[in-house]
Structures are given as C-alpha cells and as structure tokens.
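In full-length UniProt numbering, the protein residues as written are 1 to 47.
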C-alpha cells in the first residue's frame with residue numbers, strides 16, 4: 001500500500017466561518033460534490 005504524506009488546515013475567521021473548497025465532478029452522472037479543507041500532498045524538500 002502506498003502511503004501519501006499530506007497536510008490539511010482548518011482556517012476559521014472571527015465570525016467562526018470555516019474556509020472550504022468546493023469540488024464538482026460533472027462527468028459523474030450524479031454530479032458528485034465534495035467540500036474539503038485547504039491542503040494537499042507534501043513532498044520532501046532538499047535545501
């Protein structure tokens with residue numbers, strides 16, 4: 001099994017609103033919608 005390193009952030013403003021990104025997949029018959037927190041894959045960085 002491949003393990004992918006990733007990081008996610010939960011950003012909350014002064015009005016207690018959370019930042020989410022909306023992904024729509026129109027090619028799927030049910031037009032799947034996902035709401036996700038900002039973030040993604042993490043790569044090893046050589047300095």
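We put the beta carbon where it would ideally sit given N, CA and C, even for glycine.
Could you give the DSSP three-state label for residue i: helix, strand or coil?
i, result
"residue 45", "coil"
"residue 2", "coil"
With DSSP as the reference, identify every bridge partner of residue i, one or two as the case may be.
i, result
"residue 8", "39"
"residue 22", "35"
Near residue i, what residues of its chain come up, given a Cβ to Cβ distance below 8 angstroms and the 5 sequence neighbours on each side ignored?
i, result
"residue 6", "39, 40, 41, 42"
"residue 31", "24, 25"
Select from the options the residue whose C-alpha is nearest the C-alpha of residue i.
i, options, result
"residue 8", "15, 19, 1, 14", "19"
"residue 22", "30, 34, 15", "34"
"residue 12", "27, 1, 29, 37", "37"
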